[in-house]
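This report concerns only the one structure given below.
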Amino acid sequence: MSTSEPSRASRRVSHLKVAESGAPGARPELPRIRRVAIVGGTRIPFARSDGPYATASNQEMLTAAVNGLANRYALDVPGVVGELVAGAVLKHSRDFNLARETVLGSKLDARTPAYDIQQACGTGLQAVIAAANKIALGQTESAIAGGADTASDAPLGVNDRLRRILLEARRAKSTGDRVKALAQIRPSHLVPDIPRNAEPRTGLSMGEHAAVTARAWGVEREAQDELAATSHQRLAAAYERGFFGDLVVPFRDLARDQNLRPDSTVEKLATLKPVFGTDGPNPTMTAGNSTPLTDGAAVVLLASEEWAEARGLEPLAYLTAYETAAVDFVRGDVAGGEDGLLMAPAYAVPRMLERTGLGIEDFDLFEIHEAFASQVLATLAAWEKQGLAPVDRDRLNVAGSSLATGHPFAATGARIVATLAKLLAEREGPARGLISICAAGGQGVTAILERT
Numbered sequence: 020m021s022t023s024e025p026s027r028a029s030r031r032v033s034h035l036k037v038a039e040s041g042a043p044g045a046r047p048e049l050p051r052i053r054r055v056a057i058v059g060g061t062r063i064p065f066a067r068s069d070g071p072y073a074t075a076s077n078q079e080m081l082t083a084a085v086n087g088l089a090n091r092y093a094l095d096v097p098g099v100v101g102e103l104v105a106g107a108v109l110k111h112s113r114d115f116n117l118a119r120e121t122v123l124g125s126k127l128d129a130r131t132p133a134y135d136i137q138q139a140c141g142t143g144l145q146a147v148i149a150a151a152n153k154i155a156l157g158q159t160e161s162a163i164a165g166g167a168d169t170a171s172d173a174p175l176g177v178n179d180r181l182r183r184i185l186l187e188a189r190r191a192k193s194t195g196d197r198v199k200a201l202a203q204i205r206p207s208h209l210v211p212d213i214p215r216n217a218e219p220r221t222g223l224s225m226g227e228h229a230a231v232t233a234r235a236w237g238v239e240r241e242a243q244d245e246l247a248a249t250s251h252q253r254l255a256a257a258y259e260r261g262f263f264g265d266l267v268v269p270f271r272d273l274a275r276d277q278n279l280r281p282d283s284t285v286e287k288l289a290t291l292k293p294v295f296g297t298d299g300p301n302p303t304m305t306a307g308n309s310t311p312l313t314d315g316a317a318v319v320l321l322a323s324e325e326w327a328e329a330r331g332l333e334p335l336a337y338l339t340a341y342e343t344a345a346v347d348f349v350r351g352d353v354a355g356g357e358d359g360l361l362m363a364p365a366y367a368v369p370r371m372l373e374r375t376g377l378g379i380e381d382f383d384l385f386e387i388h389e390a391f392a393s394q395v396l397a398t399l400a401a402w403e404k405q406g407l408a409p410v411d412r413d414r415l416n417v418a419g420s421s422l423a424t425g426h427p428f429a430a431t432g433a434r435i436v437a438t439l440a441k442l443l444a445e446r447e448g449p450a451r452g453l454i455s456i457c458a459a460g461g462q463g464v465t466a467i468l469e470r471t
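Just so you know, our numbering puts 101 at position 82 of the sequence shown, and the rest follows in order with no gaps.
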């Protein structure tokens with residue numbers, strides 16, 4: 020047994036107060052809820068699919084991000100990290116235990132527990148929330164959370180008919196039966212099942228769903244292009260001032276996000292042809308105001324205040340609230356309603372604000388995941404329709420977001436958490452930021468970060 024384990028156990032036990040009762044069988048009280056600190060974050064530069072990371076696996080990318088974090092915060096010490104929580108949306112069978120395999124291949128102590136989590140584009144933020152809950156309850160002192168995704172190395176499925184034949188052959192009790200089963204194989208069975216970005220319930224891609232929402236909410240093309248151009252310009256400015264110097268570690272000869280276009284303008288974006296919603300009137304969504312398929316990984320280091328203080332680390336911010344929601348997008352989009360595939364944050368944020376007693380005006384910064392410019396604008400309109408104050412655009416995605424960085428599905432949440440935490444830490448005095456992430460399946464994950 021490691022000599023570091025008793026101290027870790029004793030720290031956890033200290034959060035359980037034994038009831039002051041002489042009665043036999045007195046039970047410990049529930050643990051006190053502790054503040055959860057965002058200590059830092061690391062990611063690799065995001066790359067367009069089928070580009071620099073075309074041969075990189077989820078595990079390789081996630082390991083690079085974890086090692087970057089380990090190097091910065093000396094996390095290679097035995098027992099220093101309580102847990103790794105991470106996931107990927109596009110997973111091969113080899114990734115079934117991605118988080119744990121990442122630990123074993125990284126600089127972390129091999130005895131660090133780990134598990135996978137997945138909620139489409141909300142995966143990274145849900146990983147942060149899962150880790151934070153354990154820290155808040157005193158079940159662990161520190162954790163790493165995040166995710167990775169590669170659209171380049173997406174899994175190809177075996178033709179379902181071929182799969183059934185092979186399983187039939189495996190179940191065969193004799194050589195004759197096995198040969199009989201295998202004799203059913205035809206050339207057409209060798210064609211693989213190519214992955215498609217489509218919702219199983221509707222057959223529509225995410226972009227096609229977003230186009231329905233854009234039309235339902237009357238989102239204009241120029242407003243989408245303006246949001247996209249601003250995202251690129253702000254990300255470029257953040258890189259130029261060195262903001263990402265301690266958040267991004269080079270990987271495979273990339274030092275910056277490959278999708279970044281510093282010279283992006285509304286005028287240039289206006290020349291692009293629509294690619295989604297072209298079967299309807301006045302399509303507005305182009306490759307320029309939509310996020311490209313992307314490869315990458317990102318992680319965040321979370322901890323108790325005591326853990327951070329013991330190591331001389333000042334928290335960037337604290338995770339203080341979070342909320343999830345889901346919408347019936349099948350009836351919404353197919354029937355032409357307002358509850359589109361990516362509109363769940365329109366419900367999650369108002370619920371979170373009501374629970375915390377806060378309003379839009381109480382936030383200094385907003386980080387809204389830019390799956391599509393139209394989706395961001397529709398979400399803002401939905402909040403206002405429910406009586407929330409308008410979001411000041413000067414406080415929205417001030418260091419750029421997914422339209423510029425790209426969007427490796429499971430990595431986006433950790434990228435946003437680390438970015439917002441550092442932005443809050445740069446401000447003088449207390450500050451508060453709101454995170455909103457839409458996800459496939461009609462889901463949404465939101466959170467609040469604060470610096471006091």
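In this text, a Cβ means the ideal position worked out from N, Cα and C, and glycines have one as well.
When the five nearest sequence neighbours on each side are left out, the beta carbons in the same chain lying within less than 7 Å of the beta carbon of Thr159 are those of Gly101, Glu102, Lys153, in order along the chain. Under DSSP, Leu321 takes part in a beta bridge, and its partners are Ile57, Ala162. Between Gln203 and Phe65, the gap from beta carbon to beta carbon reaches 8 Å or more. Counting only the Cα atoms, Ala345 lies some 31 Å from Leu279.
If you draw a straight line from the Cα of Asp314 to the Cα of Ser224, it comes to about 19 Å.
By a beta-carbon distance limit of 8 Å, Pro369 contacts Leu407. Their separation comes to about 6 Å.
Inclusion of Arg275 and Ala75 in the CB contact set at 8 Å is not warranted, their separation being larger than that value. The Cβ atoms of Thr339 and Glu445 do not sit closer than 8 Å to each other. The beta carbon of Pro300 is closer than 6 Å to none in its chain, skipping five residues each way along the sequence. When the Cα atoms are used, Leu335 and Ser161 turn out to be separated by approximately 15 Å. Judged by DSSP secondary structure, Gln462 falls within the beta strand (DSSP E) whose first and last residues are 462 to 470.
For Arg374, the enclosing alpha helix (DSSP H) has its first and last residue at 364 to 375. Ala151 and Gly296 have their C-alpha atoms spaced approximately 39 Å apart.
Distance from Ala167 to Asn77 at the Cβ level is roughly 5 Å; contact confirmed, criterion being Cβ atoms closer than 8 Å. If you check the CB distance, Gly226 and Phe348 do not come in under 8 Å.
Looking at the backbone, the Cα of Tyr341 and that of Asp196 are separated by about 56 Å.
Residue pairing from DSSP leaves Val417 without any beta-bridge partner. For Tyr134, the three-state secondary structure derived from DSSP is strand.
Check the Cα spacing between Val285 and each of Leu266, Thr305, Pro269: the tightest is with Thr305.
At the C-beta level, Leu94 and Leu123 stay beyond 8 Å of one another. Between the stretch 412 to 431 and the stretch 373 to 393 there are three or more inter-stretch CB-CB distances shorter than 8 Å, so the stretches are counted as touching. DSSP places Val410 in the coil class of the three-state scheme, outside both helix and strand. Here DSSP, grouped into helix, strand and coil, assigns Asp244 to helix. For Met304, the pairing in a beta bridge is given by DSSP as Phe295. Counting only the Cα atoms, Ala233 lies some 40 Å from Leu209.
Going by C-alpha positions, Glu241 is about 39 Å away from Glu79.
In terms of Cβ geometry, Thr169 and Tyr72 form a close pair [threshold 8 Å]. Gly195: member of the alpha helix (DSSP H) spanning 194 to 201, first to last residue.
Boundaries around Ile387 are those of the beta strand (DSSP E), 384 to 387, since no alpha helix (DSSP H) includes it.
Under a 10 Å Cβ-count criterion, Leu49 is classified as exposed, with fewer than 16 other Cβ atoms of the shown protein chains found around its own Cβ. DSSP places Thr310 in no alpha helix (DSSP H); its state is neither H nor E.
Within the same chain, Glu342, Thr343, Ala344, Ser455, Gly463, Val464, Thr465 come within 8 Å of Ala367 by CB-CB distance, once the 5 residues on both sides are set aside. In chain order, Ile63, Met80, Leu81, Ala84, Ala167, Ala430 place their CB closer than 6 Å to the CB of Ala316, counting only its own chain and leaving out the 5 sequence neighbours on each side.
Nearest C-alpha to Gly106 among Glu245, Ser309, Val147, Leu320: Val147.
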